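Protein chains in written order, with numbering that gives the first Met the number 0: chain L, 0 to 271; chain C, 0 to 734.
We put the CB at the ideal spot given by N, CA and C, even for glycine.
The structure presented is a predicted model; accordingly, all values stated were derived computationally and were not measured.
Here the structure is laid out as structure tokens; the discussion comes afterwards.
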Amino acid sequence: MELLRASSLDEVPGGLPLAGGTEVVPLLREGLLHADVLVDVSGLIPRGIDGSRIGGGATLAELEVDPQVPAVLREACRLAASPQLRNMGSIAGNLLQSTRCWYWRLGYPCRLHGGDRCHARDGEHREHAIFANDFCASAHPSDIAAALVALGATMRTTRRELPVRDLYRLPTEDDRRTTTLEPGELILELDVPPADASTYLKAMDRKRWAFALVGVAAVRRGDETTVVLAGAAPIPWLLAGPLDESTPLPGTAYKVEIARALVERARAAVAG
Amino acid sequence: MARLIRTEKEVEGRREEVWLVVDEDDLEQWPAGPRNVVGRPKTRDDGLARARGQVRFTADLRFPGMLHAAILRSPYPHARAKRVDLDHALAAPGVRGAIGPGDAPELSATCEYEGAPVAAVCADSMREAHAALALVDVEWEELEPLLDADEAVARGKLLEEPRHHERGDFERGLAEADVVVEATYRTQTVLHNSMETHQSICRFEGDVLEVYTSTQYVWGVRREVAKTLGMPADKVRVVCEFMGGGFGSKNSPGEFTYVAAELARRTGRAVRCALTRREEHIAAGNRNATIQRLTVGARSDGTLTALGGEYVNAVGADGWNSMTEGPMLMLYECANVRSTTWGARLNLPPAKAFRAPGFVEGTFGLECLLDELAAKLGLDPLELRRRNHADRDPGGSEAYSGKNLLECYRRAEPHWERRHEVRSRSTATVKRGVGMASQVWFGGGGPPSYAWIRVGSDARATVVTAMQDVGTGTKTTMAMVAAEELGIPAEDVTVAVGDSLRGPYATLSAGSSTTPSIAPAVRAAAADARRQILDMAEQRYGKGVDFDLRELLSLLGNSQILGTGSRGPNPAGMTVLTFGVQVAEVAVDVETGEVTVDRIAAIHDVGRVINPLGASSQIEGGIIQGIGHTLSEQRLLDPGSGGILTTSLDAYKMPTIADVPEIVTDLIDLPDAQLTSLGSKGIGEPPIIPVAAAIANAIRDATGADVRSLPISREEMLRALAEAKEKARGAATSV
């Protein structure tokens, strides 16, 4: 395997982009990603935080302590991963994480791998989805994505501008991808509009360094509060109605209960 | 004077009669309490070097020309490799050797569990070795796996005959009871996850096979490897200088050693076989799951009249049927006890010993049952335990060599008293409570173990024994004992361990037996040297004259004082055990099921404490490992195929430092007057034993919910809370 460093965005050679490497390297090791060429893009992706603009290369560790960053995003960063991972992991990379579904990670021929069934649905699925889980029951792992969708953040890529929400798509029979990012397209920058109040609450199997069983991002602007869940659907899940509309599996019913409590707490915390 | 005796040897509850050659251990015990060195806290001799990454673990060793081996393992829980073709793998880049079923011990075409070793390759790099595994062509025949423990018992798929214990008359005991409580408890499969994965480097030096390995038993590996490979034992040299943890999973050579040895033989090179973290999660041993169907009967004053247990150990494809019934048989005075233990043979990776195997699981069941009884009787749980204290070993008529459990209970009182204040801090959503649990375990060690000592003209001493320090601080303990006996500072004692070629036999580091086995041998060796020094002093200065040790020893020049020592026998006709009690404080978020352990007080009776700092570290480590077992760790399987799903450290959730509560340790520190010249027992295992029950009982105290399954995950906590609510509603309705 070859590791190249691109000198400008115009000259990014074909290959697998690598920034912090906290997701790509394990996936390569597990044989879930394949690449002959890795392209280190960490020098090309904007970094730093300037008002509402956040460089795609900003690390979670930078974000969690910066007062310019809305509380929901700071908290989502602080509660993610471990200090070591947060020092390395970039916000753009975090948005592109693959699910932690063990069937997917172990290479079971599941729907996300192009197979014809979801092994989790009738298998071991205690960490899995409570919404939109009919085709694939994987749960989206990113705390940060939930926070950004709740904030109504937008992103600029090497090809377009789009709401963060539109980065994600539910996998379907015809297209198993969970993001809309095209091959070679890189996330450059995020624009995060301010909020009147916001918070992120997270339920984990241990106090730190675990993916969300349920993560709740709540953002209030004026009278309107937006709630987005992590760990609840194959993509960050905008909570449009009551939790009664969820479709938990036998082993994820408990998540609905947790979500109910945390949503209520989050709403109370951001109430004007 | 060597003496041949017939004695009973116990390791983690397994007893056998053996012949042993022992030396009389005629040294007087030191009086209780801190001495010049012994009994005073001491940091580890290698602590700084470890923190700086300067010590060399087996994982750090590299030899010139060394090859790396990787093992092909069964991807199925039950399968047969009908054909294994190594040709393509052998032709792959960097590959130097490949072996298949039957080529090395433990490589087999018949696979009774996922991860069973089938074949292996070695290559110039680990990457090439792993890449070549994909080229081994195997024709698999998949077979139906058996995964359910109760089903295995029903079908008679057992590791051995069910184990029955009966004392008194269980049925009569139940008839005499005013109150009977029955409950089923379940514990999950958990993994050791030592920081250093299982590994060995093997190389032939002439006709000597050198095995550099991460092991808890240098001499056991030497014996087993020699026996299995048909070599004289002195032609096998086993080295383990620094070790990155074992917790019971590294008591024997393992397939990785045999793979490395065979590939070393074939290639003439040093071959390293190190398990990956993923292999560590699959095929490196585990604490087996259990099902415990328990019954207790008691009079209204709390006196136990009957204890009954049906225990199913979901052992896996092989392993051993650990003593899950042990706490029920040993912890309380109860005239009528009946237990049966089944070892269910399943198509799952074999269980291995794991820090107090059986007793961790059995204590969770028994001590939760006791609290459920206390609640039903309206008795204080601490008082209930006191009323049923066993003054003599209830399993036989033997006396204890020493037992201070009542003193542990007394010292637990201030922690127990905190429950009123703790409960009062509860809110509508966060309920707080306090729970306790007792503990019984072995930990007396035994013969044989030997130590040598040399003292030079610089008044420094070196202790030599082919013991291993598995990371518990054994070397520091030995240095302290030698220093105390010789009257020199511990810093002036060097301890050399971990090489079967360079020191005498020492026992395995399991069953909390390291310190109680080797430390008396070290003291005996130092005393042997000291007697010689006193002889010398008498010749130099006259009888009974005070002398300066340094001045005397400076006369030695290149001469050395050499001492030898051995571990004497355990006291005849007595039961040697360790005891303790822990009090846990928890907070339960009743809406989200989050359990937070705020504080654990641990009071343990392990005889004389040689190094209080090392002992409290062991207690802290045991409690942290116990918290993982109680709250977050579980090996999960795909229910359909039996495939293991938690194969990484993010899927398998061990506690982090953020999960660690305030830990208060208190050691009784009274020498066991009957046990060796030190009166010391082991502390490795006792502290993990009561953790789960203490936490579960604190949860019951806080919420009224009966948690009977481990781990107490969010879903188990919420389930138990809902059940308790339902029960309360039912009770209200029936009133």
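| Item | Value |
| --- | --- |
| 7 Å Cβ cut-off: residues of chain L touching C:R713 | A202, L212, Y253 and I257 |
| For C:K234 and C:Q538, the rounded distance between their alpha carbons | 43 Å |
| Against chain C: residues of the region 118 to 136 of chain L by CB proximity under 8 Å | H118, D121, G122, E123 and R125 |
| Any chain C beta carbon closer than 9 Å to L:R266 | no |
| Under 7 Å from the C-beta of L:R205: neighbouring residues of chain C | S631, K652, P654, T655 and D658 |
| C:R13 and C:W319 closer than 9 Å at C-beta | yes |
| Neighbouring residues, chain L, relative to C:P638 (Cβ below 9 Å) | D121, G122 and E123 |
| Minimum C-alpha distance to C:T323 - residue among C:V270, C:F363 and C:E382 | C:F363 |
| Pairwise C-alpha distance: C:T493 and C:V37 | 16 Å |
| Within-9 Å CB hit, L:A209 to chain C | yes |
| 4 or more residues per run - each alpha helix (DSSP H) lying fully within the region 661 to 687 of chain C | none |
| Exposure label - L:V36; buried when at least 16 CB within 10 Å | exposed |
| Residues within the region 51 to 80 of chain L neighbouring chain C, beta-carbon criterion of under 7 Å | none |
| First through last residue of the alpha helix (DSSP H) which encompasses C:R49 | G46 to A50 |
| Terminal residues of the beta strand (DSSP E) in which C:M327 lies | Per DSSP, C:M327 belongs to no beta strand (DSSP E); it is in the alpha helix (DSSP H), G325 to M329. |
| Proximity test, C:E632 beta-carbon vs the ligand COA heavy atom, cut-off 8 Å | Within the structure as shown, the ligand COA is missing, as the structure has no ligands at all. |
| L:A229 vs L:S141 beta-carbon contact at 9 Å | yes |
| Host alpha helix (DSSP H) of L:N272 (start-end) | Chain L is shown only over 0 to 271; residue 272 of chain L falls outside these bounds and no answer can be derived. |
| As assigned by DSSP and simplified to three states, the class of C:T461 | strand |
| Contact check, C:S516 vs C:G445, beta carbons under 9 Å | yes |
| Cut-off 7 Å between Cβ atoms - residues of its own chain near C:A486, not counting five sequence neighbours on either side | For the record, residue 486 of chain C in the displayed sequence is Gly; it is not Ala. Answer for C:G486: L548, listed in chain order. |
| The region 187 to 206 of chain C touching the region 251 to 259 of chain C, judged by at least three CB pairs closer than 8 Å | yes |
| Test item: CB-CB of L:A79 and L:I44 under 9 Å | no |
| Beta bridge counterpart(s) of C:Q438 as assigned by DSSP | C:G579 |
| Proximity to C:L648 [Cα-Cα], best of C:V17, C:R277 and C:G244 | C:R277 |
| Within-9 Å CB hit, L:W101 to chain C | yes |
| Exposed unless 16 or more other CB atoms sit within 10 angstroms - verdict on C:Q617 | buried |
| Proximity winner among L:D133, L:Y107, L:G114 and L:P192, relative to L:L147 (alpha-carbon distances) | L:P192 |
| Residue(s) in a DSSP beta bridge with C:S107 | DSSP output for C:S107 lists no bridge partner at all. |
| CB contact check: C:D534 to chain L, cutoff 9 Å | no |
| Per-residue DSSP class, three states only, for C:H129 | helix |
| Three-state class that DSSP yields for C:V589 in the structure shown | coil |
| Any C-beta of chain L under 9 Å from that of C:R718 | yes |
| Classification of C:G52 by the beta-carbon crowding that lies within 10 angstroms, buried from 16 upward | exposed |
| Counted within 10 angstroms of its Cβ, other Cβ atoms place C:V690 as buried (16 or more) or exposed | buried |
| Assigned secondary structure, C:E715 (DSSP; H/G/I helix, E/B strand, else coil) | helix |
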